[in-house]
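Below you'll find the structure, written out as structure tokens, and then a few comments.
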Amino acid sequence: MAIEVKMPQMGESIAEGTLTRWFKKQGDKVTRDEPLFEISTDKVDAEVPAPADGILEQVLVAEGTTVEVNTVVALLGDGSASGPTVPDTASVEPPPVDPPVAAPVPQPVETPVAEVTPTASADSASGHLIDVPMPQMGESIAEGTLTRWFKKTGDSIERDEPLFEISTDKVDAEVPAPANGVLAEILVAEGTTVEVSTIVARIGTSASSATAAPVSVAAAATPPAPPPVAQPHVEVAASASPATNGAGRVVRSSPLVRKIAREHGITDLSIIPGTGAGGRVTKNDILGFIDRPATAPASPAANPAAAPAASPSTHSPSTHSPSTSSPAPTRTTSAQDGVTVEKMSVMRRKIAEHMIDSKRTSAHVHSVFEADMTQIVSIRASKKDEFLAANGTKLTFMPFFLKACSDALRLFPHVNASIDGDEILVHHSVNIGIAVALENGLIVPVIKGVQDLSILGMQKAVSDLANRARGKQLLPDEVAGGTFTITNPGQFGGLFGIPIINQPQVAILGIGGIEKRPVVIDGDKIGIRDMTYMCLSYDHRLVDGALADQFMAQVKKNLESFEASSVV
Amino acid sequence: MSEQVTYLEALKRALAHSLDADPRVVLLGEDIATYGGAFKLTQGFLERFGPDRIIDTPIVETGLVGAAIGAGMAGLRPVVEMQFIDFISCAYNQLTNFAATCHFRWGQSVPIVVRGPSGGGVHAGPFHSQMVESTFLNTPGLKVVVPATVSDAYSMLLGAIEDPDPVIFLEQKSLYRTLKGELDEETPPVRPGIAALRREGDAISIISWGAMLHRCLAAAESAASEGIECEVLDLRSLCPLDLDAIYQTVRQTGKVLIVHEDNLTGGAGAEISARISEHCFEDLDAPVRRLAALDIPIPYAASLEDASLPGESDILNSIRSLCNW
Numbered sequence: 001m002a003i004e005v006k007m008p009q010m011g012e013s014i015a016e017g018t019l020t021r022w023f024k025k026q027g028d029k030v031t032r033d034e035p036l037f038e039i040s041t042d043k044v045d046a047e048v049p050a051p052a053d054g055i056l057e058q059v060l061v062a063e064g065t066t067v068e069v070n071t072v073v074a075l076l077g078d079g080s081a082s083g084p085t086v087p088d089t090a091s092v093e094p095p096p097v098d099p100p101v102a103a104p105v106p107q108p109v110e111t112p113v114a115e116v117t118p119t120a121s122a123d124s125a126s127g128h129l130i131d132v133p134m135p136q137m138g139e140s141i142a143e144g145t146l147t148r149w150f151k152k153t154g155d156s157i158e159r160d161e162p163l164f165e166i167s168t169d170k171v172d173a174e175v176p177a178p179a180n181g182v183l184a185e186i187l188v189a190e191g192t193t194v195e196v197s198t199i200v201a202r203i204g205t206s207a208s209s210a211t212a213a214p215v216s217v218a219a220a221a222t223p224p225a226p227p228p229v230a231q232p233h234v235e236v237a238a239s240a241s242p243a244t245n246g247a248g249r250v251v252r253s254s255p256l257v258r259k260i261a262r263e264h265g266i267t268d269l270s271i272i273p274g275t276g277a278g279g280r281v282t283k284n285d286i287l288g289f290i291d292r293p294a295t296a297p298a299s300p301a302a303n304p305a306a307a308p309a310a311s312p313s314t315h316s317p318s319t320h321s322p323s324t325s326s327p328a329p330t331r332t333t334s335a336q337d338g339v340t341v342e343k344m345s346v347m348r349r350k351i352a353e354h355m356i357d358s359k360r361t362s363a364h365v366h367s368v369f370e371a372d373m374t375q376i377v378s379i380r381a382s383k384k385d386e387f388l389a390a391n392g393t394k395l396t397f398m399p400f401f402l403k404a405c406s407d408a409l410r411l412f413p414h415v416n417a418s419i420d421g422d423e424i425l426v427h428h429s430v431n432i433g434i435a436v437a438l439e440n441g442l443i444v445p446v447i448k449g450v451q452d453l454s455i456l457g458m459q460k461a462v463s464d465l466a467n468r469a470r471g472k473q474l475l476p477d478e479v480a481g482g483t484f485t486i487t488n489p490g491q492f493g494g495l496f497g498i499p500i501i502n503q504p505q506v507a508i509l510g511i512g513g514i515e516k517r518p519v520v521i522d523g524d525k526i527g528i529r530d531m532t533y534m535c536l537s538y539d540h541r542l543v544d545g546a547l548a549d550q551f552m553a554q555v556k557k558n559l560e561s562f563e564a565s566s567v568v
Numbered sequence: 001m002s003e004q005v006t007y008l009e010a011l012k013r014a015l016a017h018s019l020d021a022d023p024r025v026v027l028l029g030e031d032i033a034t035y036g037g038a039f040k041l042t043q044g045f046l047e048r049f050g051p052d053r054i055i056d057t058p059i060v061e062t063g064l065v066g067a068a069i070g071a072g073m074a075g076l077r078p079v080v081e082m083q084f085i086d087f088i089s090c091a092y093n094q095l096t097n098f099a100a101t102c103h104f105r106w107g108q109s110v111p112i113v114v115r116g117p118s119g120g121g122v123h124a125g126p127f128h129s130q131m132v133e134s135t136f137l138n139t140p141g142l143k144v145v146v147p148a149t150v151s152d153a154y155s156m157l158l159g160a161i162e163d164p165d166p167v168i169f170l171e172q173k174s175l176y177r178t179l180k181g182e183l184d185e186e187t188p189p190v191r192p193g194i195a196a197l198r199r200e201g202d203a204i205s206i207i208s209w210g211a212m213l214h215r216c217l218a219a220a221e222s223a224a225s226e227g228i229e230c231e232v233l234d235l236r237s238l239c240p241l242d243l244d245a246i247y248q249t250v251r252q253t254g255k256v257l258i259v260h261e262d263n264l265t266g267g268a269g270a271e272i273s274a275r276i277s278e279h280c281f282e283d284l285d286a287p288v289r290r291l292a293a294l295d296i297p298i299p300y301a302a303s304l305e306d307a308s309l310p311g312e313s314d315i316l317n318s319i320r321s322l323c324n325w
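Below, the structure written as structure tokens:
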């Protein structure tokens, strides 16, 4: 049996040592306690005696090599046979030469590389593969675009020589090679944007040059990594989110808050409104949250722990449409402070989320026009009884606005658009959402294909959707797919409102109340006209002021030149 | 019987009381006898206690600390004055290699007190303004006391003189004549290692000591007028550290602000913060914050010195920001 001779521990704090000299060479006979090799550590130089009598069958670590404590540096045999006693490699492998360097590899020579690197050149096959990751070019940089390779596969490179060029939000930079070797594989093509730490290339190092890079330890010790791209992202997301809600948003909190949550069985912190910096859930927030339901005459269902634990799935926008849920707000009164505390309904939360999200997403700009509605008011007055009798539904002003907008949107299709990343989606169909106020919120059912509808068709769609919205009978499809939105903040007498864009659309029209006002008409006369203000909120990322105002001028013109004949 | 006295007067009375009560107590220092001390802290002592007990020494800090160590080992209770604590570094070897290790090496008690005016706030420049506390915190065997109040100046100096181990007693010269308070000379000695809660609150724990304590208390009052009630813990001694009191206040509030006059890097605040992180991680509602002197020698110019030390408004701002975290 071969005896392993290990790098000894020369002091408590010594983790590695350099083997400076062999006193024996392979095949020499050694006696126990006879100096076998010499080592040098941070603190001492020392001769290491042979642990037993025998023959130095194999020297595994060459002179001048630094290895970790307990690394096997040689094998001592009884001299009977070097072949059978030493596993396979011994007979195949010529003398020392090939130290697997830094790694404390117990088995001498492995050749894990060859099959991994079909593209690697011959001399790299006996070395290691070093992964070259996309470097982190600044604390806040999560990704970078690889703009240029300075080397191609098969080129030999030297450590610190520029290998590729990257471009990030903040800097462009040349990235040097981490080691000497041959560029074995290019995994990320020029022009590709990848996340920090994604492996972009592998460098094959020859055995003799492998000493350079500390990376080689990891590279040699781990199996070849699967293709790069998406995977690091998944890992980062998974490990970096100790508490996320269903939508994947990270909920900020503190160790104390998480402990309190655990003690109270709260698994989803996102249900607790955070008042700390950046929406952080603070101790007071969670204590307030816990205190609240506890004072109520709680049934098991109202238990604070049970409700949050069950709720995460309802947070996901994909599974939830406001119209399908009808949560009754739970009311509890906090006796101490004279404040009535109401739990936000799911719809309320979704509205809050969407509105804030929209403000954050779009560059809101507003343009206010006024329109003379006298003509439409008189058309409606003259037609409404007849309309009701014939169609069983009242004639409102909404179809007139729908028609005016739809026609204008056909002329200015970039207002009937949405933004997806850095692409603009210009919609061929005019699908107009109409904000319908509900008792505890609002909802925006969408009339699809408005451009193909008559005034009657529009009115029927409006009445039907509004009724079903109030009856909570809308289908998820009916609140999706809008390309433009109209809201009517004037119904209680407001002059006009400044609406928030309904994402991912780029414009929303707010219509004020129609009221009689003295206005200048026909040159120098003052007349009493039915006037309304209209405010268009639009996303300046896509819609510039000129386009918005042209669109609004067209809406105004459409409204003011309405023909009675179009209402049949 | 209590009366209003200065911080300096309280120290003086503690020394006089010890000299009266214990014949083993002797004072050594530069100009403490004939001249009465640079701050007149020992004025009249020579006449009252005689040249055998009130001893003027040459300007050799290492020599006078060494002499005190020998005297202490021989059975006396020497109290050494550093004219300015900044020069204690000249006696570093005597204190760290010798005084601090005797007990561990052969069970020899070294009952000496090295006291002196420390800290800034009097525009005395880099050699007469230092806080040297952190220098001695990682020398096991030394105790470090920093009294902040008139009563503590008295009772903790008595406690230091009684203590069987070498004690570094850091008086705050900015408080010498500016701080007045009640002193009851019947107050019993206070040994190092027990913190004092100076103010109760539920929002933030402010941990401080020495002259900074008063700025913290003032800032805490301002914060209270904004509805933020801070707890203020006066550590009083840094070695031993009253960890129980620290953990207790952290668990009370979940947010911690440590304020000290020594430099930030490697200061006592770093150790306290680390202990809190290790032992109270799950009680923290915000990261532990530190306010300390800038990592520079104390500047001479008054405006620069003020800027280099934590001020009341700095503390108040930290309180607000921690509260909103």
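Just so you know, the sequences run in chain order A and B. The numbering of the first sequence is my numbering, which starts it at 1 and goes up by one. The numbering of the second sequence is my numbering, which starts it at 1 and goes up by one. Glycine included, C-beta positions come from ideal geometry on N, C-alpha and C. Keep in mind the model is a prediction, meaning the values are calculated, not measured.
Member of the options whose CA lies at the smallest distance from the CA of residue i
i	options	result
A38(B)	T139(B), R251(B) and Y176(B)	Y176(B)
K472(A)	E439(A), G493(A), E165(A) and V450(A)	E439(A)
T483(A)	A417(A), P51(A) and K151(A)	A417(A)
L291(B)	S303(B), Y300(B) and I272(B)	I272(B)
G327(B)	L19(B), R24(B), I55(B) and A21(B)	With chain B running from 1 to 325 in the structure shown, residue 327(B) is simply not present.
S129(B)	P164(B), I88(B) and Q108(B)	I88(B)
S237(B)	N263(B), V144(B) and P117(B)	V144(B)
G204(A)	T153(A), D420(A) and V72(A)	T153(A)
I186(A)	P133(A), V196(A), A173(A) and M531(A)	P133(A)
R470(A)	G457(A), P445(A), T20(A) and L456(A)	P445(A)
Classification of residue i by the beta-carbon crowding that lies within 10 angstroms, buried from 16 upward
i	result
F551(A)	buried
G27(A)	exposed
L155(B)	Just to set this straight, residue 155(B) is Ser in the shown sequence, not Leu. So S155(B) counts as buried.
W209(B)	buried
T487(A)	buried
P310(B)	buried
Any C-beta of chain A under 7 angstroms from that of residue i
i	result
L257(B)	no
L284(B)	yes
N138(B)	no
N324(B)	yes
G335(B)	Outside the displayed range of chain B (1 to 325) lies residue 335(B), so it cannot be described from this structure.
G254(B)	yes
F84(B)	no
F104(B)	no
F39(B)	no
F169(B)	no
Residues that residue i bridges to, as DSSP identifies them
i	result
W22(A)	F37(A)
F484(A)	I432(A)
C535(A)	V368(A) and G510(A)
L182(A)	A small correction: the amino acid at residue 182(A) is Val; Leu does not occupy that position in the sequence shown. In the DSSP output, where bridge partners are listed per residue, V182(A) has S156(A) and G204(A).
Neighbour flag for residue i against chain B, beta carbons, 7 angstroms
i	result
G278(A)	no
L287(A)	no
S254(A)	yes
K259(A)	yes
T282(A)	yes
A240(A)	Model confidence at A240(A) stands at a pLDDT of 35, short of 50, so the residue's coordinates are unreliable and nothing is read from them.
P104(A)	Residue confidence is low: P104(A) scores 41 on pLDDT, short of 50, so the model does not pin down where it sits. Its coordinate-derived value is still stated next. Not closer than 7 angstroms to any Cβ of chain B, the Cβ of P104(A) fails to qualify, so no.
Count Cβ pairs between the segment 54 to 63 of chain B and the segment 136 to 150 of chain B that sit closer than 8 angstroms; are there 3 or more? no
How do the segment 355 to 367 of chain A and the segment 529 to 538 of chain A stand: do at least 3 beta-carbon pairs fall below 8 angstroms, yes or no? yes
Is the number of C-beta pairs between the segment 486 to 504 of chain A and the segment 459 to 475 of chain A that are closer than 8 angstroms three or more? no
Evaluate contact between the segment 218 to 234 of chain B and the segment 181 to 192 of chain B, counting only Cβ atoms and requiring at least three cross-stretch pairs below 8 angstroms. no
Taking contact to mean at least 3 C-beta pairs separated by less than 8 angstroms, is the segment 9 to 23 of chain B in contact with the segment 382 to 391 of chain A? no
Contact the segment 116 to 133 of chain B vs the segment 84 to 103 of chain B: 3+ CB pairs below 8 angstroms: yes
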